[in-house]
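Quick mapping for you: the protein sequence lines, in order, are chains Y and H.
Straight run, no breaks: the first sequence in this note's numbering ends on number 676.
Straight run, no breaks: the second sequence in this note's numbering ends on number 1087.
Please read the structure below before turning to the comments.
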Amino acid sequence: MESKTKSPPKLTRRNYSKIIRPIFGILVLGYILWRLYEVLIVQQAYSIEIWLRLLIAGLIIGGVYALIAIGYTLVYGILFMINFAHGEVMMIGTFAGYFLFEVTKGINVASAGNPPLSFSDAYPLISVILAFIVGMTVAAAAGFFLEKIAYRPLRKAPRLIPLISAIGASFFLQNAAQLLFSPQVRDYTNPAAIARGSGWTLIINDSRVVITYTGVLTFVLSILLMIGLYLMVQKTKLGKAMRAVASDKNTAALMGIDVDAIVSRTFIISGALAGAAGVMWGLHNGLVHFFVGFLPGIKAFTAAVLGGIGNIPGAMLGGMFLGLVESLGPTALGISYQLKDVIAFVIMIVILIFRPSGILGEVLSEEKV
Amino acid sequence: MLKVTDLNVYYGAIHALKGISFDLQEGEIVTLIGANGAGKSTLLNTVSGILHAKEGTVEYLGENISNEAPQVIVQKGIVQVPEGRKIFAKMTVMENLEMGAYTVTDRQQIQDKREAMFDRFPVLRTRSKQLGGTLSGGEQQMLAMARALMANPKLLLLDEPSMGLAPVLVEQIFDIIQDINQQGTSVLLVEQNAHMALSIADRAYVLETGHIVLEGDASVVMNDPMVISAYLGG
Ligand SMILES: Nc1ncnc2c1ncn2[C@@H]1O[C@H](COP(=O)(O)OP(=O)(O)O)[C@@H](O)[C@H]1O
Ligand SMILES: [Mg+2]
């Protein structure tokens, strides 16, 4: 009886997009598979050493993205907001490292008989450690004050408001850096021992594949920092309190956890990781300017969403994945390298069509929505 | 021990508590009974410092704590077991207990306390490595109580501990509450299950839409005609 009165499903806007999205996803996926087949199997245009170079480059940039992505995910996990100024926190870290190297470059170390040597060239290890300490500390402080000034007063406001404040803070920090340091693009002055481009050389099929010192430093340090962060969150009292606050602020407060203090520390940790990523970016890519945080920031945000925002291993995985896609993608698909950013974003869209909550993301519980 | 005077609490324009006054003496079990929406949870959250009163005061051991932050109130010895238990679902039983002991700095004391909790709630020991979210309702209530006791409360606030539990479990929980009280912890017990609450309490207050409409010894309140018809199904 009932079926007679049932009207056919209406093609509402919602239904419409439900049909369109998978079709779009499948089309893009089909295109990607066809291109992969063409390039990898039909043409076999590139030899192993080219793939190896791209793979190495992808792992290095992926580590940087992962470190920044963790910051987005930690803050989202605890405040359910996207800290759009996080890329600028990284930029501040990059500048801090830059100035540290400028200072160590300027100090001359007397060495009997030999031509004068700068501190940075004479003690590269100490200089690099100092640069990371300074970069991480300054960026951590930036994260701390960012939260105190731009987000904390809006804690109880509707969710859109802190987001607007975040975008405002991002513009403010970019412009402040432009005013303070001029719009000029500067060269990062690496210690001579880890000059950009220098590294270990592998000979494969009679061609050279260079594994750069800065690349190895970036990759190894980012992995170590990620392991450290993971252990901190899982094992320490602070990490457990962070998880408690992320899952339920009121109940955490009833346990005697100072929620505001935990939020502050979350921004400090996120800032420190972004600062480390900034110094790596400077050492490996070599340029620093007021806009240097923008693209890595957007990419890392993408990576965090890709991995499932709020999920720490997801951010790590998403960062690595994005780095690899961006590096290998253009060649594997036979598309111009200029389009690497487009490829990265298209792949993100496709993944989110099929898994809206990201690779490791879970369906958001009601309280988080 | 606890003295609440003329408390007025709002959610925006909603006037949830309209001039509540009550007190609790050291060693007592005092129960607050009332229907859904009467303002019981609001009252406990105001005592815990999650909410702050617009007017009125909360005094604890002679000190005005109306404007203190929740973590300060926990440190002073008032600990709440919230409505619906609010176990950290993604954390293990062990980690939930550790969070309960967040304000305790002495590691040895935390360990001893944990052992004591495992002795009192043996099921928690067998489940210690399991995620809180995988426990049954009764086990979660025990975990919630154990977690609160980890902080060494002088005054325990319980928000509807019997909610959603089978009668056998309710009896068990109420036995434990009495036992905790006998070992020296004062208890403020909020319940809709008036019968059980009145049977273990020394004194009772009846809350209706933000007002206290009746107060007295539990045995007297239990025999009040209004209470019998409204809360005891008589
Ligand atoms: N977060 C809130 N925002 C707005 N109103 C609320 C909120 N929490 C509770 N209330 C209102 O305050 C009154 C008391 O609620 P509550 O203290 O939860 O009652 P009880 O615990 O006795 O069931 C109810 O009318 C309820 O609708
Ligand atoms: Mg309630």
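Built from N, CA and C at the ideal position, the CB exists for glycine as well.
Nothing here was measured: the structure is a model prediction, and the numbers come from that model.
Check, Outcome
"Partners in chain Y for A1004 (chain H), counting only beta-carbon separations shorter than 8 Å", "M562, G563"
"Neighbour-count burial assignment, G915 (chain H), 16 or more Cβ in a 10 Å radius", "exposed"
"Segment contact flag, the segment 936-943 of chain H with the segment 970-980 of chain H, C-beta cutoff 8 Å, min 3 pairs", "no"
"Beta-carbon neighbours of A942 (chain H), restricted to chain Y and to distances below 8 Å", "S554"
"For L877 (chain H), the nearest candidate out of H:S1039, H:E1044, H:I1053 (CA to CA)", "H:S1039"
"Beta-carbon proximity of R503 (chain Y) to L590 (chain Y), cut-off 9 Å", "yes"
"DSSP-derived helix/strand/coil call for V371 (chain Y)", "helix"
"Identity of the residue in Y:S505, Y:T525, Y:Y537, Y:K455 nearest V517 (chain Y) by Cα", "Y:S505"
"Chain Y residues whose Cβ lies nearer than 9 Å to that of S894 (chain H)", "The contacting residues do not exist; S894 (chain H) stays about 11 Å from chain Y at best."
"Per-residue contacts from E992 (chain H) into chain Y (C-beta, under 9 Å)", "Near E992 (chain H) there are no residues of chain Y at all, since even the closest Cβ is about 17 Å away, more than 9 Å."
"Residue of H:N889, H:N1046, H:I1081, H:Q933 minimising C-alpha distance to S901 (chain H)", "H:Q933"
"Inter-residue Cα distance where the pair is V632 (chain Y) and L386 (chain Y)", "30 Å"
"Interface residues of the segment 951-985 of chain H facing chain Y [CB-CB below 8 Å]", "E951, M952, G953, Y955, T956"
"Boundaries of the alpha helix (DSSP H) in which S571 (chain Y) is found, first to last residue", "566-592"
"At least 3 beta-carbon pairs within less than 8 Å: the segment 577-590 of chain Y vs the segment 363-383 of chain Y", "yes"
"Cβ shell of V445 (chain Y) (< 7 Å), same chain only, five flanking positions each side left out", "I399, G400, A403, G582"
"Short Cβ contact (9 Å threshold) for K893 (chain H) with D1012 (chain H)", "yes"
"Sequence-distant residues of its chain with Cβ nearer than 8 Å to P490 (chain Y) (five each side left out)", "H596, F597"
"Identity of the residue in H:I886, H:L904, H:M854 nearest H868 (chain H) by Cα", "H:L904"
"Simplified DSSP assignment, three categories, for G413 (chain Y)", "helix"
"Residue burial classification, M1049 (chain H) (beta-carbon count within 10 angstroms, cutoff 16)", "buried"
"Beta strand (DSSP E) segment containing Y863 (chain H), residue limits", "855-864"
"Any non-hydrogen atom of ligand 2 closer than 8 Å to D1012 (chain H) Cβ", "yes"
"For Q1035 (chain H), three-class secondary structure by DSSP", "helix"
"As assigned by DSSP and simplified to three states, the class of G522 (chain Y)", "helix"
"Own chain residues within Cβ distance below 8 Å of I666 (chain Y), not counting five before or after", "L613, G614, G615, G621, L624, G625, F628, I658"
"beta-carbon V900 (chain H) near ligand 2 non-hydrogen atom, thresh 8 Å", "no"
"Distance between R515 (chain Y) and A500 (chain Y) (C-alpha atoms, nearest Å)", "20 Å"
"Contact residues within the segment 532-553 of chain Y, judged by C-beta distance below 8 Å to chain H", "K544, K547, A548, R550, A551"
"Presumed contact (8 Å Cβ cut-off) between P603 (chain Y) and G394 (chain Y), rounded CB distance", "6 Å"
"Neighbouring residues, chain H, relative to N557 (chain Y) (Cβ below 7 Å)", "I903"
"Sufficient close CB pairs (3 or more, under 8 Å) joining the segment 884-898 of chain H to the segment 1047-1064 of chain H", "yes"
"L646 (chain Y) to V862 (chain H) span [Cα, whole Å]", "58 Å"
"Beta strand (DSSP E) segment containing G1069 (chain H), residue limits", "1064-1070"
"Beta-carbon proximity of A997 (chain H) to V883 (chain H), cut-off 9 Å", "no"
"K939 (chain H): contacting residues in chain Y (beta-carbon distance under 7 Å)", "D555, T558"
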